[in-house]
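Residue numbering for the sequence shown is 1 to 427, as defined by full-length UniProt numbering.
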Amino acid sequence: MSSELIELVGFLHAPQPNVLSIALENLVGFSQAPYIHIFKTNDFQPIKDLKHLIRNQRSITIVKNALTILINLCDDSSILEDLSADESLIQFVSNSILDLSNPAADLFCMLLANLAKRDTINAIFKFKRKALNEKFSIIKSTDPNSSEKALGFGEDELENIEKARNNREEASAKVFGLPGERDIIDCLLDCFVKGHDRALNALAKFDYLAFFFSDLSRFKEGRMHFITPKFEKAEYDVVKKELLPVETGEEVYPISKLLVFSESPSKIRREGVASTIKNCLFDVSCHYTLIFNPSINILPYILLPLAGPEDIAEDEMLELPDELQFLPPEKKRESEPAILTTYIECLMLLSTTKDIRQYLRDKSVYSIIRQLHLSVANEEVQEVAERLVNVLMRDDHPEIQDPENIDKDPNEDEDEDEDEDKIVEIL
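What follows is the structure in structure tokens.
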């Protein structure tokens, strides 16, 4: 079997598109353990072939299969090292995401997220957006197996998609500015924010950029990018589909663009944004800005996923940030324990300094954590919630006497009891 598979990967540089297509289709299922070794033969030649295919193939079917294989192969450390060390690959993948007619954009997002597992991803800060000079030879929309048909687009929508492909650079320039004008990392952030509902690319949601931002923020340069204000020249109007000028000298903190997705319908976005926030909070020097700068105001975005529909005493509620007051009865708490844990850990990090600890007390953070602890039975969530209460007690806050009784609502009668290094894979 192994010899047959090794022979099969040899067809990855076959000149005939039909041979390539068959080889790739069969190799997708062997791009995970225990078969990964077949892609390391002949000094990683299959990896070189796959990189060549995603750069130069004009068949989107071939490109998608090659991308899927590369995404899965990132689970192998030696292959990931090889891929992430290729700065030209990082630049190409990033620029491909910004092609708003690219039907494989989400797969490119997944590959970029995996490349960000190594600090070589910091090379991305050197790159500007490049012009899109060539267009894909896309599968015709009349093909019943095409991406468009699979998504059920109507004829008018299909016509718009074809028009976008014929004017790729014009479409991208309207959103991101002229080639070479803006940093590619800023364009990727715009893609994530403005393209979440397929408003930019009918065939992409850009959700996996959340994981890319999360891993990028593990490194100092990445964190500094998100918490350093930048001057923005223009804003994109999705309705008018054009760039609109913003006020001269307007400063925008990149992290502020991510915060609204702390309660996104997409679990991928919620998880990635939560981790990005947490990673940025490891820089204690930025806490004051993140909390008190009105253009960021990060605390409500951390607390909202932790808050549920439970009633809170009026005096406690009125101490909460405005965004947390008078929440509707249908308010839903974050359903994923791992994301809840991440946000509680964010509060732990914010509690590093005495001034911020006192601010968290003044804003009745304890009331949110108490109700969460009462309502969520997950052991990890309970444990980190109790640790947070212990931290908030450090200065003998009089209203919190015993962390062991966190389950006890003070409004009840006294006799009542009460990875970040995960690789994205396509299975």
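Beta carbons are placed, not taken as given, at the ideal position from N, Cα and C, and that holds for glycine.
Determine whether the beta carbon atoms of residue i and residue j lie at a separation below 8 Å.
| i | j | result |
| --- | --- | --- |
| residue 430 | residue 94 | Nothing can be reported for residue 430, as the shown portion of the chain is limited to 1 through 427. |
| residue 216 | residue 116 | yes |
| residue 372 | residue 304 | no |
| residue 47 | residue 82 | yes |
| residue 175 | residue 100 | yes |
| residue 255 | residue 208 | no |
| residue 113 | residue 212 | yes |
| residue 342 | residue 257 | no |
| residue 90 | residue 188 | no |
| residue 185 | residue 225 | yes |
| residue 320 | residue 351 | no |
| residue 210 | residue 273 | yes |
| residue 428 | residue 12 | One cannot answer for residue 428 here, as it falls past the ends of the chain, which runs 1 to 427. |
| residue 281 | residue 300 | no |
| residue 169 | residue 132 | yes |
| residue 340 | residue 389 | no |
Taking only the alpha-carbon atoms, compute the straight-line gap between residue i and residue j and give it to the nearest angstrom.
| i | j | result |
| --- | --- | --- |
| residue 391 | residue 196 | 37 Å |
| residue 20 | residue 221 | 40 Å |
| residue 385 | residue 359 | 18 Å |
| residue 263 | residue 63 | 33 Å |
| residue 16 | residue 28 | 19 Å |
| residue 260 | residue 270 | 10 Å |
| residue 428 | residue 291 | With the chain covering 1 to 427 only, the question about residue 428 has no answer from this structure. |
| residue 92 | residue 203 | 19 Å |
| residue 142 | residue 287 | Low local confidence applies: a pLDDT of 39 at residue 142 is under 50, so the model's placement there is unreliable, with the coordinate-based value given in what follows. Looking at the two C-alpha atoms, the distance is approximately 54 Å. |
| residue 129 | residue 354 | 43 Å |
| residue 44 | residue 66 | 15 Å |
| residue 192 | residue 206 | 6 Å |
| residue 283 | residue 344 | 17 Å |
| residue 126 | residue 69 | 27 Å |
| residue 18 | residue 52 | 17 Å |
| residue 380 | residue 337 | 8 Å |
| residue 308 | residue 276 | 23 Å |
| residue 182 | residue 102 | 20 Å |
| residue 58 | residue 171 | 20 Å |
| residue 56 | residue 24 | 15 Å |
| residue 41 | residue 370 | 56 Å |
| residue 326 | residue 318 | 9 Å |
| residue 104 | residue 60 | 7 Å |
| residue 383 | residue 177 | 48 Å |
| residue 76 | residue 110 | 15 Å |
| residue 331 | residue 366 | 19 Å |
| residue 231 | residue 285 | 21 Å |
| residue 387 | residue 289 | 25 Å |
| residue 88 | residue 227 | 27 Å |
| residue 7 | residue 26 | 12 Å |
| residue 347 | residue 393 | 14 Å |
| residue 428 | residue 357 | Only positions 1 to 427 of the chain appear in the structure, and residue 428 is not among them; the question remains open. |
How is residue i classed by DSSP in three states: helix, strand or coil?
| i | result |
| --- | --- |
| residue 82 | helix |
| residue 59 | strand |
| residue 128 | strand |
| residue 376 | coil |
| residue 331 | coil |
| residue 282 | coil |
| residue 292 | helix |
| residue 8 | helix |
| residue 230 | strand |
| residue 141 | Because the pLDDT of residue 141 is 36, which lies under 50, any placement of that residue in the model is unreliable, and the number read from its coordinates should be weighed accordingly. Note: residue 141 maps to coil in three-state DSSP. |
I want to check one thing, is the minimum distance from the CB of residue i to the heavy atoms of the ligand PLP below 7 Å?
| i | result |
| --- | --- |
| residue 279 | Of ligands this structure carries none, so the ligand PLP is not represented either. |
Three-pair Cβ contact test at 8 Å for the stretch 306 to 315 versus the stretch 279 to 296: no
Let me know the alpha helix (DSSP H) ranges lying completely inside the stretch 179 to 228, each 4 residues or longer, listed in chain order. Counting only runs of 4 or more, we get 184 to 194, 209 to 216 and 220 to 227.
Please specify which runs of the alpha helix (DSSP H), each continuous and at least 4 residues long, are wholly inside the stretch 297 to 341, giving them in chain order. 299 to 303 and 314 to 317
In the stretch 100 to 127, which residue ranges form an unbroken beta strand (DSSP E) of at least 3 residues, counting only runs that do not cross its ends? none
Uninterrupted alpha helix (DSSP H) stretches inside the stretch 342 to 366 (no shorter than 4 residues): 354 to 362
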